[in-house]
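Student:
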Amino acid sequence: MSRRALTLMVAGFLTLLLGVVGALLPVPYVVLSPGPTENTIGDVKGKPVISIEGRETYPTDGKLSLVTVAYQGGPGNRIDLFRALRGWIDPTVAVVPEETIFPPTSTAEEVEQQNFQEMTNSQDDATAAALTELKIPYTSVVTVASTQKGLPADGHFQTGDEIVSVDGVPATDRESVSGIVRRHKAGETVTFTVNRGDRSLTVAVPTVAAKDGTPIVGITMRISYKFPFKVKINVGDVGGPSAGMMFSLGIVDKLTPGPLTGGKSIAGTGTITPEGKVGPIGGISQKMVGARRSGATVFLTPADNCAEAVKSVPDGMRLYKVSTLHDAVKAIDAIRTGTGSIPTCSAS
């Protein structure tokens, strides 16, 4: 073999080796792909997704499916360049920078915990929205979600404590509690009355100045609800808030006579507020693909996602635009009966 031929062969081998090694190197990207769907009026692993105790329920039929996005990659589990390249040429998946899913200031475990908490919160909000739609009264209370380590509240409050009043003023919402705390100067004492289980406690803690000078005590609050009956939602490992609207529809279906869907397969997505406002979500393209693969031909789409959704709607699927839970219920009524007009998504 000539020296020139040998040189070319070695160079070719080294180029191939570098290409293989480069393709296997981990890269800071995350692949988003269509995830599984779950029927909110069905079962997961033999258990109802939605179970209601203490209130009459009615038989359901068809599907009201929540949709999910699966991901590969992230800190400590990065994908290789080859997997990223495959994702870039697959129209059903998205490849996004790692920091869009896992902020640099958060660990993978913290992101997972946040997703779990968002799912828990969305279930409570979904129940509240369903009861609001059905005009079933309930009450809301301000509770302690967490305390910040090293700040005055740490060690004095527990997660789930119900804040009844602050300095004798009833706690009607988070803003009212924060407003009373901010009236104090740093170092002054704030007196809270809280319910912890079946006990009423008085907790007095001083304020400290935050970085911007605002007086704080170090409490993170959330709104919790006292419902007239028990609603339990079981979805396994699904996280995040985007299934809220579909949970609400499932609850509405179970609490009202006659199957809401009329036996049809309907999928959808959207966050929900206690008042029933439907909010936008991420991964709409992947969620629509997952819904279509599960057999759905109707997809309830948050109004703010419509312009994006119409660009990649799967064949055989129709997108209906919803801004509120009431819109979604009316849309399903019209689909079931074949009467009435339903707003559809457009690119504008």
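FYI, UniProt numbering numbers position 186 of the sequence shown as 186, with every residue one higher than the one before it. In this text, a Cβ means the ideal position worked out from N, Cα and C, and glycines have one as well. Values in this document were obtained by computation on a predicted structure and should not be read as measured data.
#1: Any heavy atom of the ligand MG closer than 7 angstroms to the beta-carbon of Glu-133?
#2: Tell me whether the beta-carbon of Ile-233 lies closer than 8 angstroms to the beta-carbon of Val-49.
#3: To the nearest angstrom, how far is the alpha carbon of Val-21 from that of Lys-45?
#4: Excluding five sequence neighbours on each side, which residues of the same chain lie with their C-beta closer than 7 angstroms to the C-beta of His-156?
#5: Leaving aside the five residues before and after Asp-61 along the sequence, list all residues of the same chain whose C-beta is less than 6 angstroms from its C-beta, in chain order.
#6: Using the Cα positions of Gly-340 and Asn-305, report the straight-line distance between them to the nearest angstrom.
#7: Ordered along the chain, which non-local residues of its own chain (more than five positions away) have a Cβ less than 6 angstroms from that of Asp-327?
#8: So, for Thr-337: in the same chain, excluding its five sequence neighbours on each side, which residues have a beta-carbon less than 8 angstroms away from its beta-carbon?
#9: Relative to the alpha-carbon of Met-119, which residue among Gly-276, Pro-302, Phe-229, Thr-68 has its alpha-carbon at the smallest distance?
#10: Can you tell me where the alpha helix (DSSP H) with Gly-179 in it begins and where it stops?
#11: Helix, strand or coil for Pro-99 per DSSP?
#12: For Ile-332, does the count of other Cβ atoms within 10 angstroms reach 16, so buried, or fall short, so exposed?
#13: Output the distance between the C-alpha atoms of Ser-65 and Gly-213, rounded to the nearest integer angstrom.
#14: Express the C-alpha separation of Val-289 and Ala-210 in angstroms, rounding to a whole number.
#15: Going straight from the alpha carbon of Asp-124 to that of Pro-228, what length do you get?
#16: For the alpha helix (DSSP H) containing Ser-285, name the first residue and the last one.
#17: To the nearest angstrom, how far is the alpha carbon of Lys-330 from that of Val-142?
#18: May I ask you to report which of helix, strand or coil DSSP gives Gly-87?
#19: Thinking Phe-247 and Thr-40 are a contact (beta carbons under 8 angstroms), I'd like their distance in whole angstroms, please.
#20: State the CB to CB distance for the pair Tyr-320 and Thr-344, rounded to an integer number of angstroms; the pair is presumed to be in contact (CB under 8 angstroms).
#21: Quick one: grab the DSSP three-state call for Glu-56.
#22: Are Arg-222 and Asn-121 touching if we call contact CB-CB under 8 angstroms?
#23: Which same chain residues end up closer than 8 angstroms to Glu-275 when comparing Cβ atoms and leaving out the 5 residues on each side of it in sequence?
#24: Roughly how many angstroms lie between the CA atoms of Ser-200 and Gln-117, to the nearest whole one?
#25: Check the DSSP bridge columns for Met-221 and list the partner residues they point to.
#26: Would you kindly work out how many angstroms separate the C-alpha atoms of Gln-113 and Phe-102, rounded to a whole number?
#27: Can you tell me which of the three DSSP states Gly-268 falls into?
#28: Return the CA-CA distance between Ser-140 and Thr-301, expressed in angstroms with no decimal places.
#29: I believe Thr-324 touches Lys-287 by the beta-carbon criterion, under 8 angstroms. Please report the beta-carbon distance rounded to the nearest angstrom.
#30: Going by the CB atoms, is the gap between Ile-79 and Pro-36 shorter than 8 angstroms?
#31: Please report the straight-line C-alpha distance between Ala-334 and Ile-89, rounded to a whole angstrom.
Tutor: Inspection of the coordinates gives the following:
#1: What this structure holds is no ligand at all, so the ligand MG is not there to describe.
#2: yes
#3: Its pLDDT being 49, under 50, Val-21 is placed unreliably by the model, and the measurement read from it follows with that caveat. Cα to Cα, the separation comes out at about 42 angstroms.
#4: Val-203, Val-205
#5: Pro-259, Gly-263
#6: 23 angstroms
#7: none
#8: Gly-262
#9: Thr-68
#10: 174-182
#11: According to the sequence as given, residue 99 is Glu; it is not Pro. Note: Glu-99 maps to helix in three-state DSSP.
#12: buried
#13: 47 angstroms
#14: 46 angstroms
#15: 13 angstroms
#16: 284-293
#17: 32 angstroms
#18: helix
#19: 6 angstroms
#20: 6 angstroms
#21: coil
#22: yes
#23: Ala-129, Thr-132
#24: 26 angstroms
#25: Val-144
#26: 12 angstroms
#27: strand
#28: 28 angstroms
#29: In fact, because the Cβ distance is near 20 angstroms, the residues do not count as touching under 8 angstroms.
#30: no
#31: 38 angstroms
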